[in-house]
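Residue numbering for the sequence shown follows the numbering used here, starting at 45 and increasing by one per position. See below for the structure under consideration.
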Amino acid sequence: MKKSERLNQELIYLSDKKVFHLKELEEHFAISERTALRDIADLEQLGLAFYTESGRNGGYHLTNSKLLLPIRFNTQEINAIFFALQAIRGISETPYSNAYDEIELKLVKSLPQNLQEQVKLQKQLVHFYSQPSLNEVKFFATLLKACIDNSLIEVENFQFVQGKQKLQLLDIFFQAGNWFCHAYNLDLKKWYVLRLDKFEAVRVLPTETKIMNKEPLTANLQKYEENYYQVPYSCLLTENGEQKVKYNSYPIMNIVHDAGKIYLQGKYNREELHYLVDYLISLGSDVQVLQPSELKKNYLTKLKQIMKKY
């Protein structure tokens, strides 16, 4: 590891510490005592503030618990940062959409001229034609913060339930042009996948009500899905169909290769059968429904409805 890379790693390693000892750096980074002492001197030049104490409880005591020090990136890492910024612009609707241009401007100005030209060229030559956000999310920042803070919220979202609901959000994800969340309804003791753009009102509630931490909440969702999705299905895919599924699939779907054939398998709940039918229709001639007969029947009914239009 180059010295500059090691110093960066040491800054990250020390970022959440209040005190450290020379031996820690030696063991963690596999360096000698002499090298560790030189590194500490270099870290001090980079802005690491500390004082030393001798004795049994001595060591290097950091004077600021949160380090906000300049981190040095190599050329490959710099290109990766701008690559990621360019890619995420395709998802136009996020709580940070307005900040991307400002972030890029600040980063570019901090680079030497030759790297600025390299970043500019990369931006001109590399394009991401990803699916943009289709709908505006009014309460994105509030919902994201509630999810991160594990807060209880009162909302109005009429996709499945009329009236106000008390929800706990497990996560937020982007798929097929829309933002979704896994939401647990505390009153109904049921899970829902809700679109964020469908929230008409959101209010964070006081923390008086006891709610689950993320780990038991995740386990609760897994158990709920095991009981909720009980009807197994199997479909035959072409190679092109496999690519379509990989591009746009759901966690409860699995691609299985067996005896030279490709299958789409999973389980569904009858309340959501129409969603699965619509999804299979979107695969066109690259899918063949094998079982169960209930799914076949609904799939063919949907095809006949489409054919009647022509």
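Each residue gets a CB set at the ideal place from its N, CA and C atoms; glycine is no exception.
Beta-carbon contacts of residue i that lie in its chain and below 6 Å, excluding the five residues immediately before and after
i      : result
Leu249 : Leu196, Glu198
Leu69  : Ala80
Lys242 : Asn201, Gln203
Thr253 : Leu196
Ala131 : Phe172
Ala220 : Asn292
Where the beta strand (DSSP E) containing residue i begins and where it ends
i      : result
His301 : 297 to 302
Tyr354 : Taken as a continuous stretch (DSSP letters only), Tyr354 belongs to no beta strand (DSSP E), as it is neither H nor E.
Ala85  : No beta strand (DSSP E) contains Ala85, which is instead part of the alpha helix (DSSP H) from 77 to 89.
Gly285 : Element bounds for Gly285: not the beta strand (DSSP E) but the alpha helix (DSSP H), 283 to 291.
Tyr273 : Here Tyr273 belongs to no beta strand (DSSP E), and DSSP marks it neither H nor E.
Ile306 : 305 to 312
Contact test: residue i Cβ vs the ligand FMN heavy atom, cutoff 7 Å
i      : result
Tyr228 : With respect to small molecules bound, the structure shown includes none, and the ligand FMN cannot be examined in it.
Anticipated Cβ contact below 8 Å, residue i with residue j, distance rounded
i      : j      : result
Tyr277 : Leu339 : 5 Å
Tyr312 : Tyr273 : 6 Å
Leu308 : Val289 : 6 Å
Asp231 : Leu281 : That pair is no contact at about 40 Å.
Leu87  : Glu54  : 6 Å
Ile296 : Gly310 : 5 Å
Val63  : Tyr95  : So it is not a contact: roughly 10 Å between Cβ atoms.
Leu265 : Cys225 : Not quite, the Cβ-Cβ distance comes to about 12 Å (not below 8 Å), so this is no contact.
Glu77  : Leu66  : 7 Å
Tyr294 : Leu261 : Contact doesn't hold; Cβ gap of about 20 Å is too wide.
Val275 : Arg314 : 7 Å
Proximity below 8 Å, CB of residue i to CB of residue j
i      : j      : result
Glu180 : Ala245 : no
Arg133 : Asn52  : no
Ala85  : Thr107 : no
Val333 : Leu347 : no
Leu159 : Ile122 : yes
Leu317 : Asn342 : yes
Cβ neighbours of residue i in the same chain (closer than 8 Å, five flanking residues each side left out)
i      : result
Phe184 : Glu137, Thr138, Pro139, Trp223, Leu240
Asn30  : An answer regarding residue 30 cannot be provided, because it is not within the stretch 45 to 354 covered by the chain.
Asn118 : Ser48, Glu49
Cys279 : Tyr307, Leu308, Gln309, Leu324, Val331, Gln332, Val333, Leu334
Lys61  : Leu106
Glu148 : Phe126, Leu129
Lys305 : Leu280
Segment limits, alpha helix (DSSP H) that includes residue i
i      : result
Val152 : 144 to 153
Lys167 : 157 to 169
Asp322 : 317 to 325
Ile122 : 119 to 132
Phe190 : According to the sequence provided, residue 190 is Ala. The question's Phe does not apply to it. Here the alpha helix (DSSP H) through Ala190 covers 184 to 193.
Leu66  : 66 to 73
Residues near residue i in its chain [Cβ-Cβ closer than 7 Å; skip 5 each side]
i      : result
Glu161 : none
His72  : Tyr57
*asked:* Closer than 8 Å is the cut-off here; do at least three beta carbon pairs connect the segment 230 to 247 with the segment 198 to 212?
replied: yes
*asked:* Contact between the segment 123 to 131 and the segment 154 to 174 is defined here as three or more beta-carbon pairs at a separation below 8 Å; is this criterion met?
replied: yes
_Count Cβ pairs between the segment 207 to 222 and the segment 187 to 194 that sit closer than 8 Å; are there 3 or more?_
yes
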